[in-house]
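Q:
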Amino acid sequence: MVRVIFDRADERNLRTVEILGSAITLPIERKFASLDSIQGYVDAILELNWIRETWPHAGTVVHVRERSGAGASHYERDTHTIAVPMHRHNEAWALRELVVLHELAHHFQPEQSDTPSHGGEFVDRFVTLVGEIIGQEAGFLLRTTMLETGVKIG
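Here it is, written out as structure tokens:
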């Protein structure tokens with residue numbers, strides 16, 4: 065749902081949206097053209113001081129590779145690898161900041177954690193990343209959308 069809101073804002077060149085009675089101006093979400101550009105983005109995020117202070121696992125190098133299927137991206141914990149599908153049939157839905165931050169939220173999960181991979185702790189990491197990296201308005205959009213649909217945060 066959030067991805068669609070960002071896409072429509074881009075298509076219409078209209079960045080102001082209303083969410084639960086609040087008018088917000090969406091920041092521009094980064095889009096990527098290659099695995100190298102995603103890798104550079106991931107490397108830069110992992111170097112941020114607040115990231116390293118918040119999630120100790122952030123000091124581990126994350127690799128980015130192409131995923132053969134077009135239906136999903138995923139994080140491979142054993143190799144610290146983000147796998148994203150590239151362009152398929154003129155579609156590049158996964159080459160975007162929201163997807164990469166989602167996968168990084170998996171990377172920041174503590175090693176010995178028994179929590180569900182998309183549970184409340186994951187959602188909290190993802191919302192935090194979106195709010196701090198893309199922008200507070202994007203974090204607000206994501207948080208309110210999740211709360212409205214019954215997603216547990218934290």
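Numbering (this note's numbering), first residue to last: 65 to 218. Ideal Cβ placement from N, Cα and C applies to all residues, glycine included. Keep in mind that this is a model prediction, so the values were computed, not measured.
Which same chain residues end up closer than 6 Å to residue 216 when comparing Cβ atoms and leaving out the 5 residues on each side of it in sequence?
A: Counting only Cβ-Cβ distances below 6 Å, and skipping sequence neighbours, we find 184.
Q: Let me know the beta strand (DSSP E) ranges lying completely inside the stretch 96 to 137, each 3 residues or longer, listed in chain order.
A: 127 to 131, all fully within the stretch 96 to 137.
Q: For the structure I just gave you, are there three or more beta carbon pairs, one from the stretch 67 to 82 and one from the stretch 168 to 175, closer than 8 Å?
A: They do not touch, by the three-pair rule.
Q: Please report the distance separating the alpha-carbon of residue 77 from that of residue 100.
A: For residue 77 and residue 100, the distance between alpha carbons rounds to 27 Å.
Q: Nearest-angstrom Cα distance between residue 142 and residue 128?
A: One C-alpha to the other measures close to 13 Å.
Q: In the structure shown, what three-state DSSP assignment does residue 89 receive?
A: Of the three classes helix, strand and coil, the one that applies to residue 89 here is strand, per DSSP.
Q: In this structure, how does DSSP classify residue 217 when only helix, strand and coil are distinguished?
A: Three-state DSSP puts residue 217 in coil, outside helix and strand.
Q: Tell me, to the nearest whole angstrom, how far the beta carbon of residue 194 is from that of residue 211; I am working on the premise that it is less than 8 Å.
A: Contact flag wrong, Cβ pair sits at about 14 Å.
Q: Round the Cβ separation of residue 108 and residue 116 to the nearest angstrom and send it over; I've been treating them as touching at under 8 Å.
A: Actually they are not in contact, since the Cβ atoms of residue 108 and residue 116 sit about 12 Å apart, beyond 8 Å.
Q: Compute the distance between the beta-carbons of residue 144 and residue 126, then report whether it is under 8 Å.
A: For residue 144 and residue 126, yes; Cβs fall inside 8 Å.
Q: Whose C-alpha, out of 186, 97, 197 and 182, is nearest the C-alpha of residue 148?
A: Of the candidates 186, 97, 197 and 182, the one whose C-alpha sits nearest the C-alpha of residue 148 is 97.
Q: Please classify residue 181: is it buried, with 16 or more other beta-carbons within 10 angstroms of its beta-carbon, or exposed?
A: Classification of residue 181: exposed, given that the 10 Å Cβ count is below 16.
Q: Quick one: what does DSSP say residue 169 is sitting in, helix, strand or coil?
A: The answer is helix: DSSP assigns residue 169 an H, G or I state.
Q: If you follow the alpha helix (DSSP H) that residue 83 is part of, which residue opens it and which one closes it?
A: Per DSSP, residue 83 belongs to no alpha helix (DSSP H); it is in the beta strand (DSSP E), 80 to 83.
Q: Please name the residue or residues paired with residue 145 in a DSSP beta bridge.
A: According to DSSP, which records beta bridges pairwise, residue 145 is partnered with 127 and 140.
Q: Counting along the chain, where does the alpha helix (DSSP H) carrying residue 191 start and finish?
A: Start and end: 184 to 193.
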